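Worksheet for the structure shown next.
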Amino acid sequence: SLATGEVKITIADTGAGIQQDDLPHIFERYFKKDDRGGSSGLGLAIVKRIIDLHGSSIDVKSTVGKGTSFQFSLPVAHIA
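If you count the sequence shown from 1, you need to add 4 to reach the numbering used here.
Okay, structure coming up:
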(Lines of atoms letter the chains of each structure in order from A and count residues from 1; the text may use other names and numbers.)
(Lines give C-alpha, C1' and ligand atoms only; values in the text may rest on other atoms or scores of the structure.)
Protein backbone atom coordinates (compact mmCIF):
# COMPACT_ATOMS: atom_id res chain seq x y z
CA SER A 1 0.00 0.00 0.00
CA LEU A 2 1.11 3.56 -0.51
CA ALA A 3 0.73 4.16 3.22
CA THR A 4 3.54 1.67 3.93
CA GLY A 5 5.63 2.89 1.01
CA GLU A 6 5.56 -0.40 -0.83
CA VAL A 7 3.53 -2.26 -3.40
CA LYS A 8 2.73 -5.96 -3.00
CA ILE A 9 2.84 -7.99 -6.21
CA THR A 10 1.47 -11.49 -6.78
CA ILE A 11 2.14 -13.48 -9.93
CA ALA A 12 0.29 -16.78 -10.26
CA ASP A 13 -0.36 -19.43 -12.85
CA THR A 14 -2.44 -22.56 -13.19
CA GLY A 15 0.36 -24.62 -14.70
CA ALA A 16 1.99 -27.88 -13.71
CA GLY A 17 3.29 -26.58 -10.39
CA ILE A 18 6.70 -27.16 -8.82
CA GLN A 19 7.65 -30.28 -6.89
CA GLN A 20 8.21 -29.57 -3.17
CA ASP A 21 11.74 -31.04 -3.40
CA ASP A 22 12.60 -28.49 -6.11
CA LEU A 23 11.30 -25.37 -4.31
CA PRO A 24 14.50 -24.76 -2.28
CA HIS A 25 16.50 -24.67 -5.53
CA ILE A 26 14.39 -22.63 -7.95
CA PHE A 27 16.29 -19.39 -7.26
CA GLU A 28 19.71 -20.99 -7.82
CA ARG A 29 21.53 -19.97 -11.00
CA TYR A 30 21.26 -22.54 -13.77
CA PHE A 31 18.73 -24.70 -11.89
CA LYS A 32 16.48 -26.49 -14.34
CA LYS A 33 14.28 -29.47 -13.64
CA ASP A 34 14.84 -30.84 -17.14
CA ASP A 35 16.36 -29.84 -20.45
CA ARG A 36 13.09 -29.20 -22.29
CA GLY A 37 12.56 -25.74 -23.71
CA GLY A 38 15.00 -22.92 -24.16
CA SER A 39 15.45 -21.99 -20.51
CA SER A 40 18.90 -21.00 -19.29
CA GLY A 41 17.97 -21.41 -15.64
CA LEU A 42 18.77 -17.76 -14.89
CA GLY A 43 15.38 -16.03 -14.83
CA LEU A 44 14.32 -16.69 -11.24
CA ALA A 45 17.89 -16.14 -9.98
CA ILE A 46 17.85 -12.67 -11.56
CA VAL A 47 14.40 -11.92 -10.10
CA LYS A 48 15.58 -12.99 -6.63
CA ARG A 49 18.67 -10.78 -6.86
CA ILE A 50 16.63 -7.72 -7.86
CA ILE A 51 14.21 -8.29 -4.99
CA ASP A 52 17.11 -8.79 -2.55
CA LEU A 53 18.71 -5.52 -3.71
CA HIS A 54 15.46 -3.74 -2.83
CA GLY A 55 15.54 -5.20 0.68
CA SER A 56 12.53 -7.42 0.12
CA SER A 57 11.87 -11.14 -0.05
CA ILE A 58 9.86 -13.43 -2.29
CA ASP A 59 7.38 -16.07 -1.16
CA VAL A 60 6.55 -19.08 -3.33
CA LYS A 61 3.60 -21.42 -2.99
CA SER A 62 3.09 -24.28 -5.39
CA THR A 63 0.80 -27.27 -5.75
CA VAL A 64 1.68 -29.89 -8.34
CA GLY A 65 -1.08 -30.06 -10.92
CA LYS A 66 -2.63 -26.76 -9.81
CA GLY A 67 -0.01 -24.05 -10.25
CA THR A 68 2.42 -21.70 -8.56
CA SER A 69 2.23 -18.23 -7.04
CA PHE A 70 5.04 -15.80 -6.26
CA GLN A 71 4.45 -12.86 -3.92
CA PHE A 72 6.84 -10.02 -3.14
CA SER A 73 6.88 -6.35 -2.17
CA LEU A 74 8.87 -3.51 -3.69
CA PRO A 75 9.35 0.05 -2.47
CA VAL A 76 7.29 2.74 -4.16
CA ALA A 77 9.44 5.33 -5.93
CA HIS A 78 8.63 8.94 -5.13
CA ILE A 79 9.42 11.21 -8.05
CA ALA A 80 9.71 14.90 -7.31
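Note that CB positions come from ideal geometry on N, CA and C, so glycine has one too. Bear in mind that the values here come from a model prediction, so they are computed numbers and not experimental data.
TODO: May I have the straight-line CA-CA distance separating residue 57 from residue 9, to the nearest angstrom?
DONE: To locate residue 57, count along the sequence shown from 1; it is residue 53. To locate residue 9, count along the sequence shown from 1; it is residue 5. Residue 57 and residue 9 have their C-alpha atoms spaced approximately 16 Å apart.
Task: Residue span of the alpha helix (DSSP H) that contains residue 55, given as start and end - done: The count along the sequence shown starts at 1 and reaches residue 55 at position 51. That run of the alpha helix (DSSP H) goes 47-57.
- [ ] Measure the alpha-carbon distance for residue 61 versus residue 20 and round it to whole angstroms.
- [x] On the sequence shown, residue 61 is found 57 positions in, with the first residue counted as 1. On the sequence shown, residue 20 is found 16 positions in, with the first residue counted as 1. Those two C-alpha atoms are separated by around 24 Å.
Open item on the list: Using DSSP's beta-bridge definition, name the partner residues of residue 78.
Closed with: Taking the sequence shown and counting its residues from 1, the one referred to as residue 78 is at position 74. Partner(s): 11.
Task: beta-carbon residue 70 near the ligand HEM non-hydrogen atom, thresh 6 Å - done: Questions concerning the ligand HEM fall outside what the structure shown contains, since it holds no ligand whatsoever.
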